[in-house]
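**Q** Let me begin by handing over the structure; questions about it come next.
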Amino acid sequence: MSEDTSSIQKKAFLNAIVILFILLVLTGILTYFIPSGSYEYTLVDGIETVVPDSFHYTNAGNIAFYRIFTAPFEVLFSDGNTIIIAIILFLLIIGGSIKILTKIGVIEHIISSIIQKFKAKKYLLLSMITLIFMSVGAFIGVFEEVIPLVPIMIILSKKLGWDTKIGLGMSILAAGFGFSAAITNPFTIGVAQQLAQLPLFSGFLYRIIIFIIVYALLDLFLIYSAKKIDTKPSFDDFGFEYEKPNKKSLIWTSVCFGLMFLSIALSPFVPFLQDYNLILIALYFLLAGLGAGFFSALDNKEVLRTFLSGSLSMAPGIILIMLATGVKHLITISGVMDTILYNVVNGMENQS
């Protein structure tokens, strides 16, 4: 990594820290001025639902001022902390596994294989990858499951002469657009049409048209952005050396990734996979990273050291997650969440 790239990443991280910290403090201060309130809730078909016209103000009292600064740590021990802890563990496992796979040459081998096939048609490759990520979001409702693939797409983007933003654009951004411009997404289209008592996946043609328009706009934007920053306009510039992984490491990684993609593809149709998909993805990455490392020329201690180093590299992201969830935690414990919702709903009703 060049010094310029490292400097930009540090600056971006510090900017994000400052923004989230200011938001955290402002949220804490606002809780002293917004009165606490609460709706009554009831269970309908196992889902907690708001009872209409049940809002009432409460005398919850103000939170202690110091909790504004302890909120990012309190989220680890509050209600719903399981999700936050799971996300943090997920990131640690992904970071450690990617570090091992990169060190033994597996990631570079995958990237090199792709580049050799598409080095003369890299913008076609950009369009294809964008379409694939958009499609998995639009058809099977995959979004956060693609997060483990983002680092690989960023590496590929840089090897092709682009930057981190293009890597993010053709992966997580594309999946997000696909999820929003859904065609048969069972988690949005399927559930909504069942609740509205509409034929399942009706309006298919309309949604296909919307998907094509959104894809075309995103693809044109990414190609335009990539051409502006292209540092390797000639396919003669793509040669790079790396330590080739041994056959056992490569086969083991291929099997683990194959099972992971199969799990993702089947998740919309298998309830068990829906509930535990992130856990399974983390497990596949853990097995791929450690297994490939043990099959490689590295000794066991070096594999574990590399895994730990990769996990620690995820610390900045974990700090940002804790700060962001700390904002929500302050709103929840101060009892002003329902007050905000009540006033927003009233404001919308008065305008209609």
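Counted from 1, the sequence shown has number 159 at position 48 by my numbering; the numbering is strictly sequential. Ideal placement from N, C-alpha and C gives every residue a C-beta, glycine not left out. All values derive from a computational prediction rather than experimental measurement.
With distance defined between alpha-carbon atoms, name the residue in 291, 391, 407 and 144 nearest to residue 200.
**A** Closest by alpha carbon: 391.
**Q** State whether the region 389-409 contacts the region 167-178, with contact taken as three or more CB pairs (one from each stretch) at a distance under 8 Å.
**A** The region 389-409, when compared against the region 167-178, does not touch it at the 8 Å Cβ threshold.
**Q** What's the C-alpha gap between residue 342 and residue 241?
**A** 20 Å
**Q** So for residue 234, helix, strand or coil by DSSP?
**A** DSSP places residue 234 in the helix class (H, G or I) of the three-state scheme.
**Q** Inspect the beta-carbon positions of residue 292 and residue 321 and report whether they are closer than 7 Å.
**A** yes
**Q** Take the Cβ of residue 282 as the centre, count every other Cβ of all protein chains shown within 10 Å, and call the residue buried at 16 or more, exposed below.
**A** buried
**Q** As an exercise, report each continuous alpha helix (DSSP H) stretch of at least 4 residues that is fully enclosed by the region 284-347, in chain order.
**A** 285-291, 302-306 and 315-340
**Q** Looking at the strands, I want to know which residues DSSP matches up with residue 153.
**A** According to DSSP, which records beta bridges pairwise, residue 153 is partnered with 160.
**Q** Would you mind sorting residue 296 into buried or exposed? The rule is 16 or more other CB atoms within 10 Å of its CB.
**A** buried
**Q** Looking at the strands, I want to know which residues DSSP matches up with residue 168.
**A** According to DSSP, which records beta bridges pairwise, residue 168 is partnered with 148.
**Q** In this structure, how does DSSP classify residue 355 when only helix, strand and coil are distinguished?
**A** In the three-state reduction of the DSSP assignment, residue 355 falls in the coil class, being assigned neither a helical nor a strand state.
**Q** At which residue ranges does the region 223-272 contain complete alpha helix (DSSP H) runs of 4 or more residues, listed in the order of the chain?
**A** 233-251 and 261-270
**Q** Hey, how far is the Cα of residue 438 from the Cα of residue 183?
**A** 8 Å
**Q** Measure the CB-CB distance between residue 202 and residue 371 and report whether it falls below 7 Å.
**A** no
**Q** Verify whether the separation of the beta carbon atoms of residue 326 and residue 264 is less than 7 Å.
**A** no
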